[in-house]
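Heads up: the sequence shown begins at 2 in the working numbering, then just goes up one per residue.
Report on the following structure.
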Amino acid sequence: MATIEVPCRYCNSLLVYKHGYARSGEPRYRCRECLRSFQHTYRYEGNKPETPEKIVEMAMNGSGVRDTSRVLKVSITTVIAHLKKIRTGKSQSITDTRGDGAP
Ligand SMILES: [Zn+2]
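Shown next as structure tokens:
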């Protein structure tokens, strides 16, 4: 039987154990160090960790909500929700791109 080592998505620790299944059927994992749960692979494009960064990048390059939705294969609702999270400062994955520390 093949074994796959799944590093933690947040802290790269290998102390990870299985933590049930997502609604999509993909297995979920939980890290023993940072106690956060995550999936190794995501079925839906909108849940992938790199999607919010792509949405911001497209918005910064002048793409509209419908254009972004079509290119990234996520719903318009997902695009708007991520853009609103950034505006209110509730996003975890987006870092300060300007580098001046201003809100
Ligand atoms: Zn972790």
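All C-beta atoms in this analysis are idealised placements derived from N, C-alpha and C, irrespective of residue type, glycine included.
Which of helix, strand or coil DSSP assigns to residue i
i: residue 74; result: coil
i: residue 47; result: helix
i: residue 57; result: helix
i: residue 41; result: coil
Proximity of residue i and residue j at Cβ, strictly below 8 Å
i: residue 11; j: residue 25; result: no
i: residue 69; j: residue 60; result: yes
i: residue 73; j: residue 52; result: yes
Outcome for residue i when other beta-carbon atoms lying within 10 angstroms are tallied against a minimum of 16
i: residue 6; result: exposed
Residues near ligand 1, criterion Cβ-heavy atom distance below 6 Å: 9, 11, 12, 14, 32, 34, 35, 37
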